[in-house]
C-alpha cells in the first residue's frame, strides 16, 4: 500500500496556493519579471528546461521557469505535463549537425581541426569573479560583440569526418533499412537497451545525475579515459514531411549542443585499434550536459568493445531507470503525501513486535533465575 | 510517371520559400503581410493547430536515428478566393504565423499573385535571415583562436 486518498484540507490547500502565488511574486515594490525577460536573460535555465522537459519551445520553458519560481526540475515537470496536451504531428528527419550554423566549436583533442577553434559565447576563461556592475540599476547595454571581416564558413567539418580517411576513429554505421528509433514516450523501458533507447533517455536525463555519473567514470569507476573530440553549438534546420505534401520541408531551426568524446580502444581479434566515440546531443546550449551524456553513452557501450562492466555508469538499468528527474522527483517527493494508513499499520506491527520482544526477554530472565 | 516533388525545379522552389517562411520570426511575417496594400482574402482549409514534432538526431552525429525530444509546431492550410491552396508548418505556437505562411504559400503558387509577395514578403524575410546568420557567423569568426607556438630558448649559447 503506498498511500490512500484522504478527504478534507481543500480550504488549507487553496490558502497555501494563494500564499505560493504571493511568494512567487515577491516584494511588489520590485517590478514583476516578464516571461520575455526570463527567455532572453535566463536563457541557459530556459535551455535546460527545454532539454530535460524534452520540448523545444523557448517561451513555454521561460513561462515554466517563472511559474516554478526558478526551481528547474519543477519547471521541467510543468513542461512535460504540458506536452501531453498536444497532438503529435509526426517525427522529423534526423537533423544534420555537420550542417550546423556553428556559434561555438572547440576541440580539446585536435588543435588544428579544420574550421578552427571557435570559442563563441562561453563562460570558459572567465575569472568567475562576481561582477557588481550587473547589480547596478539601469545598467547600460553591453557593447555589441566584435564581428570579423569574414564570416565563419559553413558547413564546418566535424572531428569524425576529419579522420575518416585514416580509419583512426570509429565510423557511425547506418543500417540499410534502419528500424524506427525506440521511443520512450510511447514504449516502456526495455533491457538490454539499444543505443537509440539509451541516447533518448540520456537526452531527457537529469543534468546533475549525468554529470555525477560522468565524473565517477573519470575518477575510475568505469573509466573510458575520454578526450573531448569536439563540442559544437549552433542552429540546425529541422525537416519534416507533412502528409499534405509528401516531401520534406524545413519547419524551423533549433539550437543544439553536440559533444563527441574520444576513448582509445586497444583493439580485439576482430577490430583494429582505433578511437571509439561517445555522443551527446541536447536542445539549447547545455554544454555540461552534452559532455556528461557523451561520457555516459560511451561507458554504456561496454558490450561493443568487450569491456568489463562493474561500475554504476556502465550499468544501463541503474543509469536509465534513475536518470529521469520527473520520475525521480515524483517518487521521492510522493513521500510528502499522506501515508497515514501505512504509518498506522506500521505502528500496530511495531507495538506488537515490541510486546513480544519484552515478553521473550522477561521469560528468558525468569528461566535464568 | 508521377513527378518527383522534391527533385524538380518547382518542388525545390516551394521547399525554399516554405523554409524561409518557417524560419522567419512571427512578427516579421505579420509585419510584411500587413504592409501589403491589397492582400487577397482567404479562407481556412485547416484552422491553425499547434502540436508537436518529434525531433530526431543521428547516433554519433552521422549514424542511424534516435529521438532527441519534441518541438512545438503550428500548422494551417488556407484557400484563396481564386482557388489556390497553401500550407504553413512553422516552429512555435504562433497561429497567425502559420496561417500567413499558408496564405503566402498559396499566393506564390498563383502566377498573378506571386509578384505581390515574392519581393515584399519572401525575399524580405530571406534577407533578414541572411543578415542574422551573417552577423552570428562574423561574431563566431571573431572568437576564433589564433595559435602561435612559443619557442623556448635557453638564453645565449
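Residue numbers (my numbering), protein chains in the order written: chain H, 3 to 371; chain R, 24 to 180. Virtual Cβ for every residue (Gly too), placed ideally from N, Cα, C. No experiment lies behind these values; they were computed from the predicted model shown.
Distance, residue j Cα to residue i Cα
i: residue 212(H); j: residue 138(R); result: 54 Å
i: residue 39(R); j: residue 311(H); result: 49 Å
i: residue 291(H); j: residue 72(H); result: 19 Å
i: residue 152(R); j: residue 47(R); result: 7 Å
i: residue 63(R); j: residue 50(R); result: 20 Å
i: residue 87(H); j: residue 336(H); result: 23 Å
i: residue 132(R); j: residue 140(R); result: 11 Å
i: residue 307(H); j: residue 317(H); result: 15 Å
i: residue 283(H); j: residue 230(H); result: 14 Å
i: residue 328(H); j: residue 22(H); result: 21 Å
i: residue 270(H); j: residue 288(H); result: 35 Å
i: residue 30(H); j: residue 68(H); result: 15 Å
i: residue 363(H); j: residue 346(H); result: 26 Å
i: residue 129(R); j: residue 116(H); result: 43 Å
i: residue 232(H); j: residue 277(H); result: 14 Å
i: residue 341(H); j: residue 74(R); result: 38 Å
i: residue 93(R); j: residue 159(H); result: 27 Å
i: residue 120(R); j: residue 224(H); result: 50 Å
i: residue 193(H); j: residue 332(H); result: 23 Å
i: residue 319(H); j: residue 303(H); result: 13 Å
i: residue 62(H); j: residue 357(H); result: 57 Å
i: residue 109(R); j: residue 60(R); result: 20 Å
i: residue 351(H); j: residue 334(H); result: 24 Å
i: residue 143(H); j: residue 256(H); result: 26 Å
i: residue 2(H); j: residue 45(H); result: Any question about residue 2(H) goes unanswered here, given that chain H covers just 3 to 371.
i: residue 96(H); j: residue 18(H); result: 46 Å
i: residue 180(H); j: residue 171(R); result: 46 Å
i: residue 41(H); j: residue 285(H); result: 15 Å
i: residue 163(H); j: residue 201(H); result: 21 Å
Nearest to residue i (by Cα), restricted to the options the options
i: residue 157(H); options: 248(H), 168(H), 98(H), 182(H); result: 98(H)
i: residue 111(H); options: 367(H), 265(H), 240(H), 331(H); result: 265(H)
i: residue 314(H); options: 323(H), 93(H), 62(H); result: 323(H)
i: residue 57(H); options: 81(H), 46(H), 66(H), 306(H); result: 81(H)
i: residue 144(R); options: 45(R), 48(R), 52(R), 33(R); result: 52(R)
i: residue 250(H); options: 259(H), 240(H), 12(H); result: 240(H)
i: residue 148(H); options: 210(H), 122(H), 136(H); result: 122(H)
i: residue 178(H); options: 74(R), 73(R), 87(R); result: 87(R)
i: residue 15(H); options: 349(H), 339(H), 366(H); result: 339(H)
i: residue 199(H); options: 82(R), 155(R), 168(R), 124(R); result: 82(R)
i: residue 244(H); options: 77(R), 85(R), 56(R); result: 77(R)
i: residue 113(R); options: 69(R), 125(R), 104(R); result: 125(R)
i: residue 242(H); options: 160(H), 355(H), 331(H), 92(H); result: 92(H)
i: residue 210(H); options: 295(H), 59(H), 37(H); result: 295(H)
i: residue 107(R); options: 146(R), 84(R), 55(R), 135(R); result: 135(R)
i: residue 136(H); options: 120(H), 354(H), 43(H), 191(H); result: 43(H)
Reduced DSSP category for residue i - H, G, I as helix; E, B as strand; rest coil
i: residue 66(R); result: strand
i: residue 139(H); result: coil
i: residue 232(H); result: strand
i: residue 94(H); result: strand
i: residue 265(H); result: strand
i: residue 89(R); result: strand
i: residue 323(H); result: helix
i: residue 156(H); result: coil
i: residue 43(H); result: helix
i: residue 115(H); result: coil
i: residue 101(R); result: strand
i: residue 343(H); result: helix
i: residue 16(H); result: helix
i: residue 133(R); result: coil
i: residue 360(H); result: helix
i: residue 192(H); result: coil
i: residue 102(H); result: coil
i: residue 276(H); result: strand
i: residue 114(R); result: strand
i: residue 78(R); result: strand
i: residue 366(H); result: helix
i: residue 9(H); result: coil
i: residue 165(H); result: coil
i: residue 284(H); result: strand
Residue i CB to nearest heavy atom of the ligand ATP below 7 Å
i: residue 136(H); result: Only the bare structure without any ligand can be found here, which leaves the ligand ATP out of the picture.
Interface flag, residue i vs chain C, CB-CB below 8 Å
i: residue 327(H); result: In summary, chain C is missing from the structure at hand, where the protein chains are H and R.
On the three-pair Cβ rule with 8 Å, is the region 198-206 of chain H touching the region 42-61 of chain H? yes
Members of the region 117-145 of chain R that neighbour chain H once the beta carbon cut-off is set at 7 Å: none
Determine, using beta-carbon pairs with one atom in the region 93-103 of chain R and one in the region 157-172 of chain H, whether at least three such pairs fall under 8 Å. no
Would you call the region 160-167 of chain R in contact with the region 100-107 of chain H, where contact means no fewer than 3 C-beta pairs closer than 8 Å? yes
What residues in the region 75-93 of chain R have a beta carbon less than 8 Å from any beta carbon of chain H? Residues are counted here when their Cβ sits less than 8 Å from a Cβ of chain H; for the region 75-93 of chain R these are 75, 76, 77, 78, 79, 80, 81, 82, 83, 84, 85, 86, 87, 88, 89, 90, 91, 92, 93, given in chain order.
Positions along the region 49-67 of chain R whose CB lies within less than 7 Å of some CB in chain H: Residues passing the 7 Å Cβ filter: none.
Residues of the region 195-223 of chain H with Cβ closer than 7 Å to any Cβ of chain R, in chain order: Going along the region 195-223 of chain H in chain order, one finds 197, 198, 201, 202, 205, 206 with a Cβ nearer than 7 Å to chain R.
Where the region 276-288 of chain H meets chain R: residues whose CB sits under 7 Å from a CB there: 279, 281, 283, 285
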